[in-house]
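Worksheet for the structure shown next.
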Amino acid sequence: MQSPTDEFKLFTLFANLPKELQGLIWEHTVDWEFYVLPRPPIAELAVCRHAREVLLRIYRPCFQPPLYKMTEDIHFSSGSRPGGRWLEIRGMGKRFPRSPYANYTTDVFHLPFHMMYKIQFGEPLQKFLCQEAIEYIQRVVIWDGSWAPWLHGYRRRGLAGKPDRKLVLMQFSALKTLYFANEPSVKVNIPPPLEEESSSERNASSFPLAPGDEVLAREKLALRSSYAEGKILIPDDNVKFNDLRFKMDLPRQWIDRQSTAFPDWSPPDLQMAKIIPDPRG
0 MQSPTDEFKL
10 FTLFANLPKE
20 LQGLIWEHTV
30 DWEFYVLPRP
40 PIAELAVCRH
50 AREVLLRIYR
60 PCFQPPLYKM
70 TEDIHFSSGS
80 RPGGRWLEIR
90 GMGKRFPRSP
100 YANYTTDVFH
110 LPFHMMYKIQ
120 FGEPLQKFLC
130 QEAIEYIQRV
140 VIWDGSWAPW
150 LHGYRRRGLA
160 GKPDRKLVLM
170 QFSALKTLYF
180 ANEPSVKVNI
190 PPPLEEESSS
200 ERNASSFPLA
210 PGDEVLAREK
220 LALRSSYAEG
230 KILIPDDNVK
240 FNDLRFKMDL
250 PRQWIDRQST
260 AFPDWSPPDL
270 QMAKIIPDPR
280 G
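Here it is, written out as structure tokens:
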């Protein structure tokens with residue numbers, strides 16, 4: 000039985016409001032955080048036809064089907080130290096379901112290296128993104144490793160005639176901001192194998208992880224299940240990059256060269272940023 004207080008919390012006349020007012024209310028449900036795409040499902044799009052019509056003016060098609068190809072984006076690494084070892088999970092952690100829509104004004108498209116690499120060798124950007132998204136996405140984030148010097152080794156392997164993989168950035172005609180961030184990660188300590196527990200000394204080195212290590216398998220499963228899926232971007236000038244050689248110099252030089260070679264191109268602003276779990280879950 001509802002209390003009088005609960006009755007006052009319910010509003011049952013929404014359907015009687017003018018359509019214009021309903022539309023304004025639906026627009027107020029839009030979340031203007033800097034989500035890193037692809038974002039979680041947008042529940043309001045499934046409420047009713049009118050809500051969907053209103054909100055699809057803001058949430059626009061972004062990814063080409065099938066989006067399932069982007070469901071997993073994590074990898075594990077591990078190592079050891081005297082008396083123990085560690086396990087780390089890295090990546091965006093995308094799972095089912097993910098929304099094919101985006102808010103071009105605020106959402107940030109994560110441009111992974113594997114996509115840049117495929118486009119370098121002839122696959123069109125339209126294979127991954129809708130043409131509308133290519134024309135209207137305003138924010139892109141890439142990991143600092145995308146400009147790391149060691150990646151240039153591909154050209155020394157006889158691939159000098161191929162186009163620069165970073166030229167894909169110039170296909171985003173409305174791009175205003177290019178962010179650089181470290182890949183999200185969580186690192187935890189895990190118990191050593193049973194045969195190691197009694198040993199008080201161990202050289203800190205790479206730890207060969209046996210397929211039958213049940214502790215490792217259990218810790219991987221626990222870490223994977225707790226890894227935050229929803230992530231947002233926060234501009235931050237104090238980001239410490241993994242590669243100490245990277246100080247924005249390489250991307251600035253690249254953008255300067257493209258601006259000279261393509262005077263009609265509008266170069267984006269460069270910003271450092273960090274990726275954090277969405278605090279609302």
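Take the sequence shown: its letter number 171 is residue 170 in numbering that gives the first Met the number 0, and every next letter is one higher. We treat Cβ as the ideally placed atom computed from N, Cα and C, and that holds for glycine.
Between D106 and Y178 the beta-carbon gap is near 12 Å, outside 8 Å, which marks them as no contact. For a cut-off of 8 Å, the C-beta gap from L232 to I274 is around 6 Å, short enough to register as a contact. DSSP places T105 in no beta strand (DSSP E); its state is neither H nor E. The beta-carbon separation of P39 and P99, rounded to 12 Å, does not stay under the 8 Å limit for a contact. For L54, the enclosing alpha helix (DSSP H) stretches over residues 48-54. Given a length threshold of 4 residues, each whole run of the alpha helix (DSSP H) inside the segment 83-147 is given here in chain order: 112-119, 130-135.
The C-alpha of R251 is placed about 8 Å away from the C-alpha of L269. Exclusion of the five residues before and after S145 leaves F112 as the residues of its chain whose Cβ lies within less than 6 Å of its Cβ. Within the same chain, no Cβ atom closer than 6 Å to the Cβ of T11 is found once the five residues on either side in sequence are excluded. Taking a C-beta distance under 8 Å as the contact criterion, R89 and P183 qualify as a contact pair. The bridge partners DSSP lists for I233 are K273. Between L174 and V139, the CB-CB gap stays under 8 Å.
With a threshold of 16 other beta carbon atoms within 10 Å, C129 meets it and is buried. Secondary structure note for S258: it is in no beta strand (DSSP E), and the uninterrupted alpha helix (DSSP H) holding it is 248-260. Beta bridge pairing from DSSP links V187 with L86.
Bridge partners of Y178 according to DSSP: V140, Q270. Counting every other CB atom within 10 Å of its CB across the protein chains shown gives I24 a total below 16, marking it as exposed.
Across the structure, S225 and H109 are spaced so that their CA atoms are roughly 22 Å apart.
E218 counts as buried, since no fewer than 16 other beta carbons sit within 10 angstroms of its beta carbon.
Setting aside the 5 residues that flank it on each side, H74 is surrounded in the same chain by I88, R89, G90, each with a C-beta closer than 8 Å to its C-beta; the list follows chain order. For R38, no alpha helix (DSSP H) encloses it, and the DSSP letter there is neither H nor E. When the beta-carbon positions are compared, L215 and I189 come within less than 8 Å of each other. In terms of Cβ geometry, D236 and M271 form a close pair [threshold 8 Å].
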